[in-house]
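Protein chains in written order, with my numbering: chain P, 1 to 666; chain X, 1001 to 1313; chain U, 2001 to 2315.
Dropping the structure here:
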């Protein structure tokens, strides 16, 4: 089959203040007609730059320094004028951007923004164009498209805005649709809907689709072919089955093995050490070699070519050379096929180690917590309503919910960043909400600590690591000796796997994963008993996440820590948590032991959340059913929060609770 | 929107009342010479007392304040004492308004058209000759005090271009230098902000979407970038318009234009307290009204303001 | 396809992994202040102006110590006892003399000294008030409302009017001038600082500090102010040219310093009054040149530093 578009040896460079960054280092890729090709890689891998060249949309300081892009008998790299590009952009290749919140023009009604494209390319005018715009809006699943077309972008939610962006991209029925991380900024349930929408319209219009993502679950969902990119190069290419079930490059192995879905509870995840390379520097050999435990000496000296594995499958690794020793992939890679099929993930914990075996007095107890915010105009907005749960010593309690569900507010309210409006919070039996005595305050400050989401924002850029780590000690133990402080800092750095001499450096010298570990060290010096971890890995690159998860696990075992783990990612939650509370619109809807929750979710919201998790297993993911949660199923009956079986809670009306009991076989 | 306007209006009114009251009370701190003019030395104490009594200046301050507001509500701004003795301030000011308004409006229009045009081209030609030359101009106009460079405009404008040095309402040529002087600062201001906002807008994601949609660059500029860049500028428009309309104190004075701004310089020199008070009040109310109208204009142009006021995001 | 047979076969053996190397892959040696200084030093024009301004300021301070300088307020007479009025610039009087026979050269440097002193004084006071007000306004939520209201009232009145009113009521003089300008100038600084703080106050590192029990004072001092250095420097640098401008303006209105105190405002005003006679224009032009060099230099330097200290320019 002839490809619709063919890229050969593409090289793209950027000049930044006199230095040259090679973002794409010789990539070749064919797009099979009518199929979906996913390009998967971490941030900085060059995947976004790569597809932007297809539309001639590089930033001004970037240029194509080599290779060709063949499309429709022309070489796009030779396009010099805007006029030439306008024959392609929007008309033959459509583009869906990552962040729907910023990609629409704020002062123009959304209908008009679609019309613009139609008028430009299809020669329709006025009412005709408007009618077509409304039709397309309806097609992408926007209810009441006629009325909505007159509204401005700020009147739409994130998911709806992304539908509008898709509508603009497909308005002129392009041949190729490029989706650049189209669901990264969205919640899982919305993500599932958007992915389905793109798949549906692809089937209907017969687009060739290019998908850029860092999420292997999304790849498994959408892709026919996959290109794995690392440090500006495509290191492996093949059909989705080949990449997931028979990967050959060590980087692909590493990506797949570090998936939390393949983890075993209580054991370490497979983790890639280090971080992706700096592309300002000249790279010799295989860029992944320094992080590759299977690296050969040749990997450091010569750049591997793409070796063919099958008709469709190629990988750039010397392991495929005849002279190389045979190296087996890590065992976890062989288990990809099992993801999403087995009801429970394996556990290395004995029943005594599970939380059920060691309850007793809760370390943290939250009762009927309500948190309100003042908005302008003296209105109150309740972010958290009547939330109650207990956290027992030594367990990891997970709080899962989508953006805006109030999960972060709960965490911040426990650590007293946001005051509770009603209800009570007890730590180790003592009330810690409202006004508390200075002694309790000191106790809470030291024993209750927090790890933050964004490692780029959570460290003070203008302070040295030394100050950052010992900041808490400065106010807690004012008369501490300088030598003792230094010793504590050094020990904390070692605890999180960093070198003690890092203390005299500034945060910006470190990568995201290293910075997150510094943030953990900062909490550790306080010798806390409970750590609230607010989305600690969601801002990290895929290859870094496992490092941080492993560190958290190690600290829990060694120091007997208790975690309140807040996240939106259910697969991570399932791996790390002992018990999980599901929160929706400020209310807990279900709380159960982790495996119990996955085995038999009761509440329809939990069910929809679990069904929406992208599973990095094409067999499962391609055929999965998505359950959409419609809050109106609850009717008008009063809802209550009930312990339905010992240790298992759910929210529902009397009728619903009866049904849940039947579901549990009671 | 309506509620927002009402709130904003109430806020402006409160500010206005505070300002008027404070100005009025401050003026009471002044020595009383300003109420007598040249007669001061010739009068004896009882005569002085009689005059002060006549002006109500011997009453307790709250009575004076009350009377002042009562007069104000009838449109009475007080009476000049020295500048033109015993003539109501409003009568003195009235014939001067057309000059200030004419100059103000023309200068605003000129500086808008030129400033926005220049700023736009600076943004699209960032780093090139056009941008550099006008950046130089902006630096000069912003850094060197206008009181200084405007003297040179007047000096060399009349010297080299043989334009009249002073304003004369019957000579069209005499309008040119004051107009140029009034516009120079505005052009620099508008160009500078237009360039800044445009550059901001040029980095936004929606521009990339427009490009990916296949819109020509010029169209993206006209229909999206410019429109969005005008919004923050609109906020300052009424304030600049009104303040130039009220008259430029310095320019009216150096060209002897019989407007309100020049009048303030005169009455300061002659220490006519009621006149200074009245003019200071006029100028500060104009500032407050300008900012109020700016906020309302913003709300009219930008659909986000109506709804988002109540939200945290 | 290219062959790779020439690669020695002995390279195809496992290579032991070096953890340190792996950690290093993402390492950068970026430093905020180093980058700021590097970018500032790349700006040739700013460097030149910094040098020029340095010499100028130094000169105004040491000028009276040079031999043969005449006091700025001394009226000079010729041998016959007549005052040397309006002498053209020449060997004896480098910048000429003014209408009553004072040496313009000495007056300009004395005037520059006075005006820079006012500028610096006002700049520092504005900085102090602005930082305190802005920091409290931006960071202490309880104070947000009242401080906003106070700011709105002050900000709504044109600065010109406040200045005129203050100078009118308090009677002209050095301290009146400084007080009046300090009263009007600080809000710009306060607002910039407040806006900046609002942007960074809810960043996670500030929340982290609160979780660690760090007090408000230290959060402002350690977490917020270091991020504001560039804003503060820029605003202070810009307040000097604007102070000089206001001084000239107030002097024009007759509300400036007493005429016998040489200042740039008084010099420009004296020059203005005689600018109609072309042969006397040097009395306007010389002070203007010095004034413009100073104001333009401060303006450009402030902006150059602000640009250099913006992390977005540090790539």
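Note that the Cβ used here is the ideal one computed from N, Cα and C, for glycine as well.
For residue 27 of chain P, the residue or residues it bridges with in DSSP: P:10
Counterpart residues of residue 95 of chain P in DSSP-defined beta bridges: P:178
Looking at the strands, I want to know which residues DSSP matches up with residue 592 of chain P. P:580
Of all Cβ atoms in chain U, is any one closer than 8 Å to the Cβ of residue 1113 of chain X? no
How do the segment 1106-1126 of chain X and the segment 1184-1201 of chain X stand: do at least 3 beta-carbon pairs fall below 8 Å, yes or no? yes
Bridge partners - residue 370 of chain P, DSSP secondary structure assignment: P:422
Can you name, in chain order, every residue of its own chain whose Cβ lies under 8 Å from the Cβ of residue 461 of chain P, other than the five neighbours on each side? 506, 507, 508
Could you give the first and the last residue of the continuous alpha helix (DSSP H) run that contains residue 1108 of chain X? 1097-1124
Beta-carbon within less than 6 Å of residue 2038 of chain U's beta-carbon, same chain only, minus the 5 sequence neighbours each way: which residues are those? none
Is residue 328 of chain P close to chain X, meaning its C-beta is less than 8 Å from at least one C-beta of that chain? no
DSSP bridge partner residues for residue 2102 of chain U (one or two, in chain order): U:2075
Any chain X beta carbon closer than 8 Å to residue 2262 of chain U: no
Can you give the beta carbon distance from residue 1119 of chain X to residue 1221 of chain X, rounded, assuming they're within the 8 Å contact cut? Going by Cβ atoms, the distance from residue 1119 of chain X to residue 1221 of chain X rounds to 13 Å, so no, they are not a contact pair.
Assuming contact is defined by CB atoms lying nearer than 8 Å, are residue 1068 of chain X and residue 1103 of chain X in contact in what I supplied? no
Residue 381 of chain P touches chain U at which residues, Cβ-Cβ below 9 Å? Going along chain U, no residue has its Cβ under 9 Å from residue 381 of chain P, so there is no contact; the nearest lies around 17 Å.
Starting from residue 1023 of chain X, trace the alpha helix (DSSP H) both ways and give me its first and last residue. 1002-1028
Which term fits residue 1007 of chain X, buried or exposed, when burial requires 16 or more other beta carbons within 10 angstroms of its beta carbon? exposed
Along the chain, which unbroken stretches of the beta strand (DSSP E) at least 3 residues long are found entirely within the segment 430-513 of chain P? 448-451
Status (buried if at least 16 other CB within 10 Å, exposed otherwise) for residue 480 of chain P: exposed
From the beta carbon of residue 2255 of chain U, is the nearest beta carbon of chain X less than 8 Å away? yes
Thinking just about the alpha-carbon of each residue, which of P:84, P:242, P:92 is nearest to the one in residue 1216 of chain X? P:84
Alpha carbon to alpha carbon, how far is residue 633 of chain P from residue 1285 of chain X? Give it in angstroms, no decimals. 58 Å
Could you tell me whether the segment 2145-2161 of chain U touches the segment 2090-2108 of chain U, using the rule of 3 or more Cβ pairs below 8 Å? no
Who are residue 365 of chain P's beta bridge partners in DSSP? P:390, P:426
What span of residues does the beta strand (DSSP E) with residue 68 of chain P cover, start to end? 62-71
Name the chain P residues whose beta carbon is nearer than 8 Å to that of residue 2013 of chain U? 296, 297, 325
Pick helix, strand or coil for residue 944 of chain X, following the three-state DSSP scheme. Because chain X spans 1001 through 1313 in this model, residue 944 of chain X falls outside it and cannot be assessed.
From the DSSP output, in three-state form, read off residue 249 of chain P for me. coil
Measuring straight from C-alpha to C-alpha, what distance separates residue 494 of chain P and residue 500 of chain P? 6 Å
Limits of the beta strand (DSSP E) - the one that residue 230 of chain P falls within: 225-230
Give the single residue among P:261, P:122, P:513 whose Cα lies nearest to the Cα of residue 687 of chain P. Outside the displayed span of chain P (1 to 666) sits residue 687 of chain P, for which this structure offers no information.
Cα-Cα, which of P:195, P:380, P:397 is closest to residue 362 of chain P? P:397
So, residue 387 of chain P versus residue 410 of chain P, is the Cβ gap smaller than 8 Å? yes
Short Cβ contact (8 Å threshold) for residue 391 of chain P with residue 364 of chain P: yes
Any C-beta of chain X under 8 Å from that of residue 2275 of chain U: yes
Where residue 1313 of chain X falls, given that 16 or more other Cβ within 10 Å makes a residue buried: Reliability fails at residue 1313 of chain X, whose pLDDT of 27 lies under 50, so the model's placement of it is uncertain and the value that follows must be treated cautiously. Exposed, because fewer than 16 other Cβ atoms sit within 10 Å of the Cβ of residue 1313 of chain X.
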